[in-house]
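Engineer: Protein chains in written order, with this note's numbering: chain A, 294 to 711; chain B, 294 to 711. All C-beta atoms, glycine included, are put in the ideal place defined by N, C-alpha and C. Quick caveat: nothing in here was measured; it's all calculated off a predicted structure.
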């Protein structure tokens, strides 16, 4: 009584982020009730906006009979129009609602674009370190495989279009069928915001190689640094209408609604849009929730204020966490966006290996009961890096970083004795 | 700039029901504003319950911060517990919430179970006529293929476990790798409720052949005839705990909430549950909507009354439609459940062929502008049968059947002249 080989493969390779999240979530820390519980600094969840969101979520819903009936499975026209207006303003570009495909979460959107582009065995090139769930989201159902582009720690793991170019050239020489390049923009785990010249160079690279560019822009509205976010579909890239570029967006991050599972794909060309619509049939979004989001976006004053307050709070959260890290002597890559810090615990490793990284991770997760994710699951080019999420209650961030500091101190003490 | 072969296949084979639905929905009939518009008797949508539902949907939602955060992607514990209680009562069986996998619609649940069981090229046996979207839902992503079991029009297209047995034996002889038998229970398009001895015989067949049984029970609570619905997981089958049986359920039909996209798989064995959970990662359900449904099910008095009223209204709708059909001299299979009537227009075909069925369908769809679905898309064993949905405003059903009658009269007049 077995299952399919695809099912066996998926079951035996659960996404690392989800696994750690559920273990931590099952036994959460509370200062009085459960002081030995887990501090979850592993899940990129925005817990900073509930007070602003709650009144909108608790308000009576203006649903009609049509709102609960069968609708287009790639998103209602009303929601796609609202999203097109919202993204068009952010991107400084015209967005056609017909080019948007709304599915049940950004994961489903990544699956749709990967399955639209790749047959099993074909490849997607990803600059590393990359969003850990790409392994499952882009490959789990499509059967595609990832080819990593290394980056340099000394350079702060900057995105390098020339390195992407080189990897694509090497892949062609090795007769590998590459269909796309995928990245997170802003970067996850690095928190980098990419400048337009970098994006322009990257789009030029994919166009020359005849592959597509998948830009996961889920953190587009979670920028707190001085540089503006620029989408691959943005007019400011100078190539915003390239049929080769496809952007992914959603309500999980800046809107702080990860449970609502609303992911959006903006397809750069007709064939990809049609394919993504066909995949949306298998992962549609609740029209009840779509109606809620349509109402939120229909109020630009509220939305604008919400996004602005969100960015301000993210900046405060980042400053708070980075100060605590500095106090512990923990280096990190300066970030401008997102919910995470990419921290360097390399000097506390027993050896310069991923096995040593795993040992340190186990001490932090099992002994100190803090969930942060090891760099290996982000395909970090070097061992010793970890991703730490800071967008939860500041007291929890303080407790979590203090516990990490205790582990590091214990490592140092052991070294001194030895 | 092409797309993957899976994407090409899906795009070139859109599900017939969805295609006709969107064409009809784009230009709907209205007695004054659009008298030449489409009457949609093709989509199995329950438009009879809005007055009862609306107050619950419009009420303020009691959401907490946890309700919008990351939750188990196969359904929140609270919703799975509520569904387990509800289904357990219906099934007269203990239902463990851990055996339930909640995904974004019954289609996603069918995809999950088919992908869990089948590798590409493996087969699922389906008694015909069968729910038309099985072609896409069970095969579109899994790569499985369907093998039909014919039934007899003279016998009212009854489900025949002996014929399923014979098909499985034949398939084995032809070295085909069959992994499952799939059916709708109650039957769609027939509206049949299967008696426990039939289900027991069917479960015995699948167990002997070492294959799984996928029972799509989306119409479980839409029974208006005298026979009680019995699930394949029901204690009354005497085999309700078989690890080989898997049931699918959802909120689209009796709860009249098809837009909310909440499908449920009850897995009969651990490996299938684990596999379906892995696929749920790609098609999760909005936690906002899950909270709404949890609240509905938390009120058993309201739910019980709602289901009872729904059944009564379905019975009235069925009586109304079948009387109108009888007045037009249109034969149909007597039904006990569901939203549809399986009607016989065979004597108005120009020839006893599916090409003639297509011609008649085109006259009804294009000339009379009534959307009913031809039997071919349900793999009807004989040409001339059509599925007609009656669960909309009675005046629309009356207008639709009158228009069909006009087409049939025109056919008869032409025959008389000839």
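When DSSP labels each residue in this structure, what does residue 408 of chain B get in the three-state scheme?
Structural biologist: If DSSP states are grouped into helix, strand and coil, residue 408 of chain B belongs with the helices.
Engineer: Taking 7 Å as the threshold (beta carbon to beta carbon), is residue 334 of chain B in contact with chain A?
Structural biologist: Not one chain A Cβ lies under 7 Å of residue 334 of chain B.
Engineer: Pick from B/670, B/294, B/417 and B/690: whose alpha carbon is nearest that of residue 471 of chain A?
Structural biologist: Checking every option, the nearest Cα to that of residue 471 of chain A belongs to B/294.
Engineer: Anything in the stretch 551–566 of chain B with a Cβ closer than 7 Å to a Cβ of chain A? List those residues in chain order, please.
Structural biologist: Those residues of the stretch 551–566 of chain B that come within reach of chain A (Cβ to Cβ, closer than 7 Å) are 551, 552, 553, 554, 562, 564 and 565.
Engineer: Put residue 566 of chain A into one of helix, strand or coil per three-state DSSP.
Structural biologist: The answer is helix: DSSP assigns residue 566 of chain A an H, G or I state.
Engineer: Going by the CB atoms, is the gap between residue 403 of chain B and residue 373 of chain B shorter than 7 Å?
Structural biologist: Not a contact, by the Cβ cut-off of 7 Å.
Engineer: Measure the C-alpha to C-alpha separation of residue 706 of chain A and residue 615 of chain A and round it to an integer number of angstroms.
Structural biologist: Residue 706 of chain A and residue 615 of chain A: Cα-Cα distance of roughly 24 Å.
Engineer: Since residue 361 of chain B meets chain A, which of its residues come closer than 9 Å, beta carbon to beta carbon?
Structural biologist: The contacting residues are 343, 346, 350, 549, 550, 551, 552 and 553.
Engineer: DSSP three-state label for residue 522 of chain B, please.
Structural biologist: Reduced to three states, the DSSP call for residue 522 of chain B is coil.
Engineer: I'd like to confirm the pairing. Which residues does DSSP put opposite residue 384 of chain B in its beta bridges?
Structural biologist: Its beta-bridge partners do not exist; DSSP assigns none.
Engineer: Just to make sure I have the definition right: I need the residues of chain B whose C-beta is within less than 7 Å of the C-beta of residue 410 of chain A. Which are they?
Structural biologist: Neighbours of residue 410 of chain A on chain B, chain order: 296 and 297.
Engineer: In chain A, what lies closer than 9 Å to residue 434 of chain B by C-beta?
Structural biologist: Under the 9 Å cutoff, chain A gives 408, 434, 572 and 575.
Engineer: Tell me, please, whether the CB atom of residue 338 of chain B is closer than 7 Å to any CB atom in chain A?
Structural biologist: At least one chain A Cβ lies under 7 Å of residue 338 of chain B.
Engineer: Which partner residues does residue 481 of chain B have in the DSSP bridge list?
Structural biologist: DSSP, once it has assigned bridges, lists no residue as partnering residue 481 of chain B.
Engineer: Looking only at its chain, what residues have a beta carbon closer than 6 Å to the beta carbon of residue 624 of chain B, apart from the 5 residues adjacent to it on each side?
Structural biologist: Only 637 meet the Cβ criterion.
Engineer: What would DSSP say about residue 425 of chain B, mapped onto helix, strand or coil?
Structural biologist: Residue state, collapsed to three classes: coil.
Engineer: Using 7 Å as the limit for Cβ to Cβ distance, is residue 398 of chain B near chain A?
Structural biologist: Yes - at least one Cβ of chain A is within 7 Å of the one on residue 398 of chain B.
Engineer: Name the DSSP beta bridge partners of residue 556 of chain B, please?
Structural biologist: BP columns for residue 556 of chain B point to B/396 and B/543.
Engineer: Does the stretch 408–423 of chain B come close enough to the stretch 433–450 of chain B that 3 or more CB-CB pairs lie under 8 Å?
Structural biologist: Because the criterion of three Cβ pairs below 8 Å is met, the stretch 433–450 of chain B and the stretch 408–423 of chain B touch.
Engineer: Identify the continuous beta strand (DSSP E) that holds residue 507 of chain B and give its terminal residues.
Structural biologist: Where residue 507 of chain B is concerned, the enclosing beta strand (DSSP E) stretches over 505–509.
Engineer: Does the pairing of the stretch 451–460 of chain B with the stretch 508–522 of chain B give three or more beta-carbon distances under 8 Å?
Structural biologist: Result no; under three Cβ-Cβ pairs closer than 8 Å.
Engineer: Report yes if the C-beta distance between residue 364 of chain A and residue 580 of chain A is below 7 Å; otherwise report no.
Structural biologist: Yes. Within cutoff.
Engineer: If distances are taken between C-alpha atoms only, which option among B/689, B/488, B/680 and B/509 comes closest to residue 325 of chain B?
Structural biologist: Nearest option by C-alpha distance: B/689.
Engineer: How is residue 617 of chain B classed by DSSP in three states: helix, strand or coil?
Structural biologist: Residue 617 of chain B falls in the helix class under three-state DSSP.
Engineer: Taking all protein chains shown into account, do 16 or more other C-beta atoms lie within 10 angstroms of the C-beta of residue 631 of chain B, making it buried, or fewer, making it exposed?
Structural biologist: Burial call: buried.
Engineer: For the candidate residues A/678, A/621, A/608 and A/474, whose alpha-carbon lies nearest to that of residue 648 of chain A?
Structural biologist: Considering only alpha carbons, the answer is A/678.
Engineer: Between residue 548 of chain A and residue 380 of chain B, what straight-line distance do the alpha-carbon atoms span, to the nearest angstrom?
Structural biologist: If you take the alpha carbons of residue 548 of chain A and residue 380 of chain B, they lie about 35 Å apart.
Engineer: On the DSSP bridge list, what partners appear for residue 323 of chain A?
Structural biologist: Residue 323 of chain A pairs with A/327.
Engineer: So residue 361 of chain B and residue 553 of chain A are in contact, right, with Cβ under 8 Å, and what is the actual spacing, rounded?
Structural biologist: Contact holds; Cβ gap of about 6 Å.
Engineer: Could you check which residue in A/608, A/676 and A/627 has the C-alpha nearest to that of residue 640 of chain A?
Structural biologist: Closest option to residue 640 of chain A, Cα to Cα, is A/676.
Engineer: Let's test the definition: count the other Cβ atoms within 10 Å of the Cβ of residue 445 of chain B and tell me whether it reaches 16, buried, or not, exposed.
Structural biologist: So residue 445 of chain B counts as exposed.
Engineer: Would DSSP call residue 348 of chain B helix, strand or coil?
Structural biologist: If DSSP states are grouped into helix, strand and coil, residue 348 of chain B belongs with the helices.
Engineer: Quick check: what's the CA-CA separation for residue 562 of chain A versus residue 382 of chain A?
Structural biologist: Roughly 21 Å separates the two Cα atoms.
Engineer: Between the C-alpha atoms of residue 468 of chain A and residue 573 of chain B, what's the straight-line distance to the nearest angstrom?
Structural biologist: C-alpha separation (whole angstroms): 34 Å.
Engineer: Quick check on this structure: which residue in A/336, A/409, A/673 and A/447 has the alpha carbon closest to the alpha carbon of residue 316 of chain A?
Structural biologist: Of the listed residues, the one whose Cα sits closest to residue 316 of chain A is A/336.
Engineer: Between B/685, B/668, B/694 and B/698, which has its C-alpha nearest residue 424 of chain B's C-alpha?
Structural biologist: Ranking B/685, B/668, B/694 and B/698 by Cα distance to residue 424 of chain B puts B/668 first.
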